[in-house]
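Protein chains in written order, with my numbering: chain U, 36 to 373; chain L, 36 to 373.
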């Protein structure tokens, strides 16, 4: 892959890059470039995890070194019971592995790191305390406000420690960049500003857009119908997609975002077409090779929401096939959430 | 020493005991009883350190095991520059050693512990994070409010972590009790309430009264004349005592507290008398064997403030004799504060 193509692939579908010039410079230098993506093992893993995993595939394809941090301690800081932590961790590890397997990702240059193994040591604590002497309570609150539940309402001290640890993880993982959803923005900006205060290098921050929920403005762990879970049955997937917001002619909805950021990216990469099945009497099947074509037809009302939904449900169910065959993920799920 | 005498000596001049029944029970059981006193190496050590050191002598005489925690990390959390920490630590260690030497304390059952050596480890960090998930920001703020500078005004996150670490120290030092000044009360009460939340035993909390400053209501690190420093010269001691608040007939002042909680305790323990030198024309020398006699004469104006001050300055200068002879303490001081 040539340098230009590599950089395009890395930046594909990103919403924002803090430190883009540094990124370009580092990528052009030809030196190894590494980044990390972190997630905390909290609630059941949703289908939305396919989005960052697809980006991680992009990074790996472009030759980057990628680390996935399964931040168990962060989950505890965000309210997961300490007793459940290990079980949630194991379930997340398997779920993410299966997504990557489904995407056909080459994981040779991918490393899984467990938060507690990275963080529970002398130097990390010393640096955490150091950071805390530079960070006002107001700053910590602000940084945590969007991403951390325990920093809101009657906030726990844990929620304020959370962003400091996320900043330190960039240093302790020895990466050049962090990759996260846009909801992490305040924490990433905090990391970039505060790591240099304790004599560490600031990192590059890459962010994906936030994907709309199937219903409502965004996916919500408390609104079951807003998202698909990895272990949802075929029937449930169909039902949820069927009930999703998707008004004819208006492309601003979660279904279209699924197509834009996931399904059509995969189709294009695999040089496959997205097929919308229709009766001959309604004009017969439609075939699309890129997202823009779908959007155009949808806006012109040449593509009916119901036909589109059926086709999307089929694609999702195809992507979830590995989860339905895998006994282990079901066992791990039961242990983690019953 | 019989049990009753032992308990009296332990409780002598304490202001408050939280868990007094537990204390009595443990002391009567005859099992080894241990406690810790902690201090952070911040500003220059004041003469007021003789008070807790005298209590520590009491505890040791009563057969208790005592640990002195030199909490270097806490000093950093309270605003001491990370670069100065080690120098401050060394100065404090020497200063405290010299006070104990002056008091003739038998230090066989005394152990010095350095905060960073106790605290910078995996389990401690894990427990700190655990505590932080149970502690609201408001609770941490409240606990730190009196004792921690960095928890006031534009507070640093460090100031809120401070009380959690002080609570954990009780567990990690494996002691039965903590001993501190009354200004630590909110932290001690926090420790007692929150250690059980992470499955550790609550400890007994012993508190000494707060001693008045020489001028003003209390000693203040920013008001030089409110306190005597261990390295003050004879002349400076005389001058500070001379300028101290001490109105004839009113015993509520720092000079009288010095007599009550330190000088006369030592005199009684050593079966010595406190001598106030006076010219024959003013009635000649006065001799006292206990504090109450002094207070009585002072209230009745039989003892003039100036005569009393001269005698007190003499006693203080006597107690500081080791500091004037010790080259090392001066070197350590220069390194720590220049």
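Note that beta-carbon positions come from the ideal geometry of N, C-alpha and C, so glycine has one too.
Cβ closer than 7 Å: which chain U residues qualify as neighbours of residue i?
i	result
residue 189/L	171
residue 165/L	117
residue 74/L	Neighbours of residue 74/L on chain U: none; closest Cβ ~18 Å, over 7 Å.
Taking Cβ to Cβ, would you say residue i is nearer than 9 Å to residue j?
i	j	result
residue 198/U	residue 222/U	yes
residue 284/L	residue 334/L	yes
residue 99/L	residue 144/L	yes
residue 51/U	residue 220/U	yes
residue 270/L	residue 82/L	no
residue 138/L	residue 367/L	no
residue 164/L	residue 108/U	yes
residue 194/L	residue 179/L	yes
residue 154/L	residue 73/L	no
residue 298/U	residue 58/U	no
residue 129/U	residue 361/U	yes
residue 250/U	residue 226/U	no
residue 95/U	residue 141/U	yes
residue 169/L	residue 232/L	yes
residue 272/L	residue 351/L	yes
residue 120/U	residue 156/L	no
residue 97/L	residue 41/L	yes
If the cut is a Cβ gap below 8 Å, which residues of chain U does residue i touch?
i	result
residue 159/L	160
residue 175/L	192
residue 196/L	164, 167, 192 and 196
List, in chain order, every chain L residue whose beta-carbon is nearer than 7 Å to that of residue i.
i	result
residue 222/U	Chain L residues near residue 222/U: none, gap ~14 Å exceeds 7 Å.
residue 155/U	157, 160 and 161
residue 111/U	164 and 168
residue 179/U	The contacting residues do not exist; residue 179/U stays about 11 Å from chain L at best.
By alpha-carbon positions, which one of the options ends up nearest to residue i?
i	options	result
residue 112/L	82/L, 87/L and 186/L	186/L
residue 176/L	177/U, 169/U, 179/U and 191/U	191/U
residue 331/U	67/U, 295/U and 193/U	295/U
residue 309/L	123/L, 181/L, 291/L and 83/L	291/L
residue 398/U	38/U, 120/U, 66/U and 146/U	In the structure as shown, chain U begins at 36 and stops at 373. Residue 398/U is therefore absent and cannot be evaluated.
residue 117/U	234/L, 71/L, 148/L and 114/L	234/L
residue 102/L	122/L, 149/L and 137/L	149/L
residue 218/U	125/U, 157/U, 247/U and 316/U	247/U
residue 293/U	62/U, 66/U, 53/U and 87/U	87/U
residue 369/L	44/L, 47/L and 80/L	80/L
residue 60/L	306/L, 204/L, 373/L and 211/L	211/L
residue 205/U	114/U, 241/U and 255/U	241/U
residue 208/L	355/L, 70/L and 43/L	70/L
residue 339/L	314/L, 216/L, 351/L and 268/L	314/L
residue 355/L	136/L, 159/L, 77/L and 216/L	136/L
residue 133/L	267/L, 85/L, 183/L and 158/L	85/L
residue 318/U	337/U, 306/U and 324/U	337/U
residue 62/U	77/U, 78/U, 44/U and 48/U	44/U
residue 274/U	287/U, 303/U, 286/U and 259/U	259/U
residue 110/U	183/U, 97/U and 131/U	183/U
residue 76/U	125/U, 252/U, 36/U and 322/U	125/U
residue 287/L	357/L, 371/L and 329/L	329/L
Kindly list, in the order they appear in chain L, the residues whose Cβ is closer than 9 Å to that of residue i.
i	result
residue 265/U	Those within 9 Å of residue 265/U in chain L number zero; the least Cβ separation is about 27 Å.
Based on DSSP bridge pairs, tell me the residues matched to residue i.
i	result
residue 191/L	171/U
residue 74/L	105/L
residue 308/L	Partner(s): none; residue 308/L has no beta bridge.
residue 242/L	51/L and 215/L
residue 322/U	310/U
residue 264/U	81/U
residue 133/L	Residue 133/L pairs with nothing; no bridge assigned.
residue 149/L	105/L
residue 69/U	100/U
residue 255/L	258/L
Name, please, each residue of chain U whose Cβ falls closer than 9 Å to the Cβ of residue i.
i	result
residue 134/L	Near residue 134/L there are no residues of chain U at all, since even the closest Cβ is about 28 Å away, more than 9 Å.
residue 293/L	None at all; the shortest Cβ gap to chain U is about 35 Å.
| request: Closer than 8 Å, Cβ to Cβ, to anything on chain U: give me those residues from the segment 213-243 of chain L, in chain order. | output: none
| message | If the cut-off is 8 Å on Cβ atoms, which residues from the segment 75-109 of chain L count as contacting chain U, listed in chain order? | response | 108
| If contact means a Cβ-Cβ distance below 7 Å, which residues of the segment 201-213 of chain L contact chain U? | none
| Quick one, which residues of the segment 37-48 of chain U are near chain L if we go by CB-CB under 8 Å, in chain order? | none
| task | Check distances from the C-beta atoms of the segment 270-298 of chain U to those of chain L and list, in chain order, the residues that come in under 9 Å. | result | none
| Interfacial residues, the segment 118-131 of chain U to chain L, with Cβ spacing under 9 Å | none
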